[in-house]
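Under my numbering, read the sequence shown as residues 4 to 593, first letter to last. Encoded as structure tokens, the structure appears first; notes follow it.
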Amino acid sequence: MRKAIAALPDTLISQIAAGEVVERPASVVKEVLENAIDAGAQAITVRLEEGGIQRISIQDDGMGIPSHELPLAILRHATSKIASLSDLESVASLGFRGEALASIASVSRFSITTRTREDDHAWQIQVNGGQTVGGVTPASGPTGTTIDVQDLYFNTPARRKFLKSASTELGHCLDVIRRIALSRPDISMAVWHNGKITERWAQGNIEQRVDAILGQEFHEAKIPLEQVSGALSIRGFISKPTASRARADQQYSYVNGRFVRDKVIQHAIRSAYQDVLHGDRQPMVVLSLEIDPQLVDVNVHPAKTELRFRESGAVHQFVFKAIQNALGVAAGHNAGTPSLASHSFAPVSSNHGLNTWMASMSNSSLPLKADSKNSMDQFFIRQNDPIASQPSHQTHSDLPLGHAIAQIHGIYILAQNQSGLVLVDMHAAHERVLYEKLKIDLAEGVKVQQLLVPVVMHASELEVAKSEEHRETLVQLGFDIATLAPTQLAIRTIPTLLQKSDPIGLVRNLLNELDSTGSKAVVDAAQHERLATQACHAAVRAHRLLTLTEMDALLRQMEQTERADQCNHGRPTWIQLSIQDLDKLFLRGR
Ligand code: ADP
Ligand code: MG
Numbered sequence: 004m005r006k007a008i009a010a011l012p013d014t015l016i017s018q019i020a021a022g023e024v025v026e027r028p029a030s031v032v033k034e035v036l037e038n039a040i041d042a043g044a045q046a047i048t049v050r051l052e053e054g055g056i057q058r059i060s061i062q063d064d065g066m067g068i069p070s071h072e073l074p075l076a077i078l079r080h081a082t083s084k085i086a087s088l089s090d091l092e093s094v095a096s097l098g099f100r101g102e103a104l105a106s107i108a109s110v111s112r113f114s115i116t117t118r119t120r121e122d123d124h125a126w127q128i129q130v131n132g133g134q135t136v137g138g139v140t141p142a143s144g145p146t147g148t149t150i151d152v153q154d155l156y157f158n159t160p161a162r163r164k165f166l167k168s169a170s171t172e173l174g175h176c177l178d179v180i181r182r183i184a185l186s187r188p189d190i191s192m193a194v195w196h197n198g199k200i201t202e203r204w205a206q207g208n209i210e211q212r213v214d215a216i217l218g219q220e221f222h223e224a225k226i227p228l229e230q231v232s233g234a235l236s237i238r239g240f241i242s243k244p245t246a247s248r249a250r251a252d253q254q255y256s257y258v259n260g261r262f263v264r265d266k267v268i269q270h271a272i273r274s275a276y277q278d279v280l281h282g283d284r285q286p287m288v289v290l291s292l293e294i295d296p297q298l299v300d301v302n303v304h305p306a307k308t309e310l311r312f313r314e315s316g317a318v319h320q321f322v323f324k325a326i327q328n329a330l331g332v333a334a335g336h337n338a339g340t341p342s343l344a345s346h347s348f349a350p351v352s353s354n355h356g357l358n359t360w361m362a363s364m365s366n367s368s369l370p371l372k373a374d375s376k377n378s379m380d381q382f383f384i385r386q387n388d389p390i391a392s393q394p395s396h397q398t399h400s401d402l403p404l405g406h407a408i409a410q411i412h413g414i415y416i417l418a419q420n421q422s423g424l425v426l427v428d429m430h431a432a433h434e435r436v437l438y439e440k441l442k443i444d445l446a447e448g449v450k451v452q453q454l455l456v457p458v459v460m461h462a463s464e465l466e467v468a469k470s471e472e473h474r475e476t477l478v479q480l481g482f483d484i485a486t487l488a489p490t491q492l493a494i495r496t497i498p499t500l501l502q503k504s505d506p507i508g509l510v511r512n513l514l515n516e517l518d519s520t521g522s523k524a525v526v527d528a529a530q531h532e533r534l535a536t537q538a539c540h541a542a543v544r545a546h547r548l549l550t551l552t553e554m555d556a557l558l559r560q561m562e563q564t565e566r567a568d569q570c571n572h573g574r575p576t577w578i579q580l581s582i583q584d585l586d587k588l589f590l591r592g593r
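Structure representation (structure tokens):
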């Protein structure tokens with residue numbers, strides 16, 4: 004039997020909307036905190052009971068709501084933040100949809116107590132499952148607003164069943180609170196749970212807030228990052244590759260102050276670390292991107308954690324470069340040696356005399372056999388004769404990585420620099436040096452391989468359209484792709500470096516990514532993977548004995564190489580032990 008079409012009652016509409024906006028207590032916390040921030044709050048107190056399931060009460064000292072507007076605050080699609088389409092397109096507030104309070108009030112026992120600076124006292128409105136109880140009444144309270152939400156989903160038992168335990172819901176609430184607290188260090192915040200204080204953050208700068216929230220691990224690993232370019236700016240902190248995590252649970256990115264999970268940004272982060280982090284390791288980041296609001300659409304998702312950039316390729320490139328720069332600079336700071344910090348790790352210059360040595364190292368015909376016994380002997384002489392153990396060329400001791408003294412078990416190089424002892428993982432360091440050099444060669448231009456027989460691939464209409472739209476970029480990347488039929492493409496050239504890869508899979512991924520994130524990172528990734536393998540094969544093997552001159556040459560080469568202090572898998576390639584460190588080992592001066 005057909006039922007007649009009928010408009011839904013208002014409360015039911017809000018309850019339906021609540022399904023999207025109020026997924027769980029944490030979503031209430033998010034919406035209410037964002038309102039407090041939009042109201043210019045300087046101090047916010049969050050009180051939760053039973054993980055927010057029983058009660059969420061959030062008090063701010065913002066501008067308050069005039070009493071005659073209180074009924075509108077809980078009306079669906081009523082907002083003070085935008086009034087026109089052009090406002091929407093350049094929106095700077097966190098809220099603008101005017102549906103959060105209406106949705107929350109429709110599925111809870113809800114009240115707003117609020118007082119503006121002009122009011123003599125506060126005003127209150129109470130709502131029970133979407134029904135206003137008793138109108139706007141006088142109340143007591145300071146300037147600002149308190150939103151009180153009790154018994155979430157009391158009138159929608161089907162939804163209530165989806166709630167998890169109080170401790171799980173509390174965890175989600177705290178996640179949301181931390182995210183927001185990281186975006187606004189200028190606002191002091193306190194969080195209470197079941198009557199006990201769990202967090203308190205004073206007003207401060209971003210570094211203090213990051214330290215307070217992300218703790219010691221990030222404090223020790225963090226590298227500051229700041230970059231401005233035209234309509235885009237980014238600042239924040241990222242972790243050194245040597246301090247990665249198994250999960251991406253410490254990645255906070257913000258666009259115009261709003262916490263987002265954006266695949267363009269996430270992808271840029273992953274690609275920027277790709278060379279220095281092992282496969283599935285994850286960096287820690289707190290990154291805040293500012294962009295002209297006109298260039299981003301935040302109205303994509305009811306909870307607004309997703310957005311769309313008008314020029315996603317440019318954003319990707321910008322974030323990627325900013326992180327890479329920060330990682331490159333950090334190479335000089337990692338070991339904490341003053342001489343290294345001031346030393347700029349310039350890219351390998353191809354006319355550097357020592358490159359010849361490196362070139363010979365990467366050939367398998369090394370002039371090492373004749374010397375190996377010799378360097379063994381030297382090593383023993385050094386051990387037994389304290390005077391001879393001073394390197395003869397000690398006058399140049401201001402070199403960042405110092406001078407080689409010996410090789411240990413054919414694996415480690417021992418060197419002395421101004422601050423003490425340097426230990427180098429010979430193979431890892433050489434691999435890094437070669438890899439960076441190969442990358443520079445690659446950046447100078449892709450070598451293209453013409454395929455004798457073009458590879459024909461079946462493609463969807465969409466893929467064919469994408470290949471035509473991105474044709475120019477594809478050619479630059481070394482892929483000459485022609486349309487054979489509405490659902491057939493012919494791959495006519497590929498980058499020489501990728502001869503051994505599966506061209507169809509590569510092109511398919513590339514088309515996908517060019518379209519969704521505007522990035523060509525899949526090709527970079529595939530090429531860099533090949534380069535990394537080449538570098539690994541060419542790098543000097545462990546257990547090969549080197550002369551002091553050869554070891555010194557490697558040290559010099561490392562100083563010239565960007566990111567020489569981590570191998571391609573994010574492990575350190577060298578460490579510094581200062582005289583103080585050594586003294587400590589021997590309990591000297593205690
Ligand atoms: P939106 O934030 O999208 O405008 P909401 O439903 O969250 O929609 O809030 C409705 C309106 O109530 C806001 O536009 C704002 O004017 C007012 N409001 C909500 N919370 C506060 C607050 N903490 N302080 C001052 N005004 C508030
Ligand atoms: Mg809001």
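Virtual Cβ for every residue (Gly too), placed ideally from N, Cα, C.
For Gln410, the enclosing beta strand (DSSP E) stretches over residues His406 to Ile411. Following the DSSP letters along the chain, one finds Asn512 inside the alpha helix (DSSP H) bounded by residues Pro506 to Ser519. For Met66, same chain residues with a beta-carbon under 6 Å away, outside a window of 5 residues either side, are Ala42 and Gly43 in chain order. If only uninterrupted beta strand (DSSP E) runs of at least 3 residues are considered, those enclosed by the segment 53-119 are 58-63 and 112-118. At a threshold of 6 Å, Ala86 does not count as near the ligand MG, since its beta carbon sits no closer than that to any of the ligand's heavy atoms. Minimum Cα-Cα distance from Ala529 among the listed residues Leu548, Phe113, Thr499 and Ala545 corresponds to Thr499. With a 10 Å radius around the Cβ and a threshold of 16 neighbouring Cβ atoms, Ala108 comes out buried.
Distances from the alpha-carbon of Leu580 to those of Ala418, Ile497 and Ala545 put Ala418 closest. Put simply, the backbone Cα of Asp518 is about 18 Å away from that of Thr486. Below 8 Å, enough C-beta pairs join the segment 63-77 and the segment 31-42 to call them touching: three or more. Counting only the Cα atoms, Arg248 lies some 6 Å from Pro286. Looking only at Glu172, Ala493, Glu92 and Ala86, the smallest Cα-Cα distance to Val31 is reached by Glu172. In this structure, Ile47 has its CB at a distance of at least 6 Å from all heavy atoms of the ligand ADP.
For Val303, the three-state secondary structure derived from DSSP is coil. Under the criterion of beta carbons closer than 8 Å, Val436 and Leu404 do not qualify as touching, at roughly 12 Å. Straight through space, the alpha carbons of Arg495 and Val456 are spaced by roughly 8 Å. Approximately 17 Å separates the beta-carbon atoms of Ile77 and Phe99; this is outside 8 Å, ruling out the contact. With fewer than 16 other Cβ atoms inside 10 Å of its own Cβ, Lys450 counts as exposed. Within the same chain, and ignoring the five residues on either side of Glu439 in sequence, the residues whose Cβ sits closer than 6 Å to its Cβ are Thr564 and Glu565. If you ignore the 5 residues before and after His80, its C-beta comes within less than 7 Å of the C-beta of Gly101 and Glu102, all in its own chain and listed in chain order. Judged by DSSP in its simplified three-state form, Arg27 adopts coil rather than helix or strand. The Cβ-Cβ distance between Ala317 and Leu228 does not fall below 7 Å. In this structure, the ligand MG has a non-hydrogen atom nearer than 6 Å to the beta-carbon of Asn38. As summarised for the segment 406-471, the continuous beta strand (DSSP E) elements at least 3 residues long and confined to that stretch are 406-411, 415-420, 423-428 and 451-461, given in chain order. Note: Phe262 is bridge-paired with Tyr257 in the DSSP secondary-structure output.
The Cβ neighbour count for Gln583, taken over all protein chains shown within 10 Å, is under 16; the residue is labelled exposed. With a threshold of 16 other beta carbon atoms within 10 Å, His412 falls short and is exposed. Taking all protein chains in view, the Cβ of Gly282 is surrounded by fewer than 16 other Cβ atoms within 10 Å, so the residue is classified as exposed. One thing to note: Leu310 has its Cβ no nearer than 7 Å to the Cβ of His196.
Non-local beta-carbon contacts of His430 in its own chain, meaning distances under 7 Å to residues more than five positions away in sequence, involve Ala542, Val543, Arg544 and Ala545 in chain order. The closest heavy atom of the ligand MG lies less than 6 Å from the beta carbon of Ala103. DSSP links Lys199 through a beta bridge to His196. C-alpha of Val25 to C-alpha of His71: approximately 26 Å in a straight line. The DSSP-derived three-state label of Ile209 is helix. Within the same chain, Pro28, Ala29, Val32, Leu51, Gly54 and Gly55 come within 7 Å of Cys176 by CB-CB distance, once the 5 residues on both sides are set aside.
Contact between Ala125 and Gly137 fails: their C-beta atoms lie close to 16 Å from each other, not under 8 Å.
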